[in-house]
Amino acid sequence: DVQRTLVLVKPDGVARGNVGEVLRRIEAKGYTLVALELRQADEALLAEHYAEHAGKPFVRPLIEFMSSGPLVAAVVEGQRVVEGFRSLAGATDPTTAAPGTIRGDLARDWGAQVIENVVHGSDSPQSAAREIALWFPAL
Ligand code: CMP
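Rendered as structure tokens:
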């Protein structure tokens with residue numbers, strides 16, 4: 003069935019010039035962009051976005067990292083796109099993410115206490131609905 007997912011090009015990806023490459027891969031795969039915005043996320047939005055990680059030791063550095071500069075937020079649509087974008091993104095840990103994936107090709111471990119891995123993709127259709135409502139309330 004047709005789904006939507008929230009994709010973020012994180013501040014590391016924007017700073018390193020990966021926006022075009024990430025969008026190219028999404029479009030090359032055949033998915034459709036339905037919303038796209040460069041923005042500076044504030045801590046309140048990010049605390050809600052990462053609510054399921056509340057209390058974990060990496061949440062504070064994660065929110066600091068995610069608010070450290072502009073990011074690109076996008077809503078992407080297609081059949082099974084939630085699973086499909088996670089496949090394009092690759093594993094969370096960029097050191098072991100498979101070559102050919104966004105994280106495998108564009109990210110690495112820089113020694114930061116938070117994993118900097120260029121992109122976020124919603125992990126389930128339920129998460130996608132919650133995240134899209136948060137980032138793009140008008141959709
Ligand atoms: P993402 O899967 O998009 O959402 C949660 C983020 O938290 C994840 O990407 C990483 O950036 C970060 N993260 C997850 N697990 C850890 C961890 N164990 N240590 C540091 N950062 C993490």
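Note that the UniProt record's numbering has the sequence shown beginning at 3, numbered continuously upward. We put the CB at the ideal spot given by N, CA and C, even for glycine.
| field | Under the three-state DSSP convention, the category E133 falls into | value | helix
| task | Per DSSP, which residues does E23 bridge with? Please list them. | result | Paired residue(s): none; E23 is not in a bridge.
| said: Could you compute how far the alpha carbon of V116 sits from the alpha carbon of G80? | reply: 30 Å
| Below 9 Å between beta carbons: does that hold for I104 and G92? | Their beta carbons are under 9 Å apart, which means I104 touches G92 by this criterion.
| request: Leaving aside the five residues before and after Q5 along the sequence, list all residues of the same chain whose C-beta is less than 8 Å from its C-beta, in chain order. | output: E79, G80, Q81, R82, V83, V84, P127 and A130
| Just the Cα atoms here: how many angstroms apart are W112 and G102? | Going by the C-alpha atoms only, they are around 20 Å apart.
| task | Let me know the secondary structure DSSP gives E79 once reduced to three states. | result | strand
| query | I think A17 touches G71, with their Cβ atoms under 8 Å apart; what is that distance to the nearest whole Å? | reply | 6 Å
| task | Look at L8 and E118 and say whether their C-beta atoms are less than 9 Å apart. | result | no
| Is G123 near ligand 1, going by C-beta to nearest heavy atom under 8 Å? | yes
| message | Let me check understanding here. Comparing Cα to Cα, which of G32, L38, D3 and T34 lies closest to A140? | response | L38
| message | Taking the straight line between their C-alpha atoms, what separation do you get for H51 and T94? | response | 17 Å
| said: I'd like the list of long-range same chain contacts for P96, defined as Cβ closer than 6 Å, with 5 residues on each side in sequence excluded. | reply: R105, A109, R110 and N119
| Mind checking whether L90 and M68 have CB atoms under 9 Å apart? | no
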